[in-house]
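Accompanying notes for the structure given below.
Residue numbers (my numbering): 612 to 838.
What follows is the structure, given as structure tokens:
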């Protein structure tokens, strides 16, 4: 005996009674990454330090000393500072931006509440790492474009090697940022620890004294720092 198709009311009742499927981890991760990206774009300070300031710094360096300098090995100031500015962006995002956000999440109980959902707190960590990595790569592309188009700075000669080094460096710095996140008890302490590490690493990266002008002991120490 053939069954007659259910009426509209019966189909609605059957649909309502059917159990809903939990969100897949990949879907939850994707949504969290999009959400974290939107939250980052709403922070004017983060956009200033992570996107606008490096571009402005490149323009300033290129305008202050447009001619090659003998004490820089015949390079211009903008030639020397382009990789330093890229390191600056990565350091700001990894040591000051991400740890403060994640520790504040922990303090407010957001990670604890997410532990009861299909996403879990690990997805938040992954989303933060992904968003900051994307911002670092995007800003780096902008810095290279400004240096090349506005001041004629040479592009990396071996692009695959440059990209591999950039991704490896950014991943290493984000790992240090996650370590700060794990050890810092409060958002303020995370900000303070990140600031100390930032200034130390940026000093040895050559932000205030270019590596070409450092003494031999300082350059040796600089060789062993991530930036």
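By construction, the Cβ of each residue, glycine as well, lies at the ideal position given by its N, Cα and C atoms.
Limits of the alpha helix (DSSP H) - the one that residue i falls within
{"i": "residue 816", "result": "798 to 816"}
{"i": "residue 739", "result": "731 to 762"}
{"i": "residue 767", "result": "No alpha helix (DSSP H) holds residue 767; DSSP gives it neither H nor E."}
{"i": "residue 654", "result": "Neither: residue 654 is in no alpha helix (DSSP H) and is coded neither H nor E."}
Cβ-Cβ distance between residue i and residue j below 8 Å
{"i": "residue 652", "j": "residue 643", "result": "no"}
{"i": "residue 828", "j": "residue 812", "result": "no"}
{"i": "residue 732", "j": "residue 738", "result": "no"}
{"i": "residue 718", "j": "residue 798", "result": "yes"}
{"i": "residue 655", "j": "residue 754", "result": "no"}
{"i": "residue 676", "j": "residue 688", "result": "yes"}
{"i": "residue 758", "j": "residue 825", "result": "no"}
Same chain, Cβ closer than 6 Å to residue i, neighbours up to 5 away in sequence not counted
{"i": "residue 817", "result": "695"}
{"i": "residue 720", "result": "none"}
When the options are compared against residue i, the one with the closest alpha-carbon
{"i": "residue 690", "options": "704, 705 and 674", "result": "674"}
{"i": "residue 774", "options": "763, 790 and 745", "result": "745"}
{"i": "residue 750", "options": "765, 762 and 781", "result": "781"}
{"i": "residue 697", "options": "660, 723, 716 and 823", "result": "660"}
{"i": "residue 713", "options": "638, 757, 800 and 669", "result": "800"}
Expected contact under 8 Å - CB spacing of residue i and residue j to nearest Å
{"i": "residue 747", "j": "residue 700", "result": "6 Å"}
{"i": "residue 706", "j": "residue 787", "result": "7 Å"}
{"i": "residue 804", "j": "residue 795", "result": "6 Å"}
Proximal residues to residue i (C-beta, below 8 Å), its chain only, five neighbours per side dropped
{"i": "residue 640", "result": "730, 734, 737 and 738"}
Close beta carbons around residue i, own chain, < 7 Å, minus the five adjacent residues each side
{"i": "residue 850", "result": "The question about residue 850 has no answer here: the residues shown for the chain are numbered 612 through 838."}
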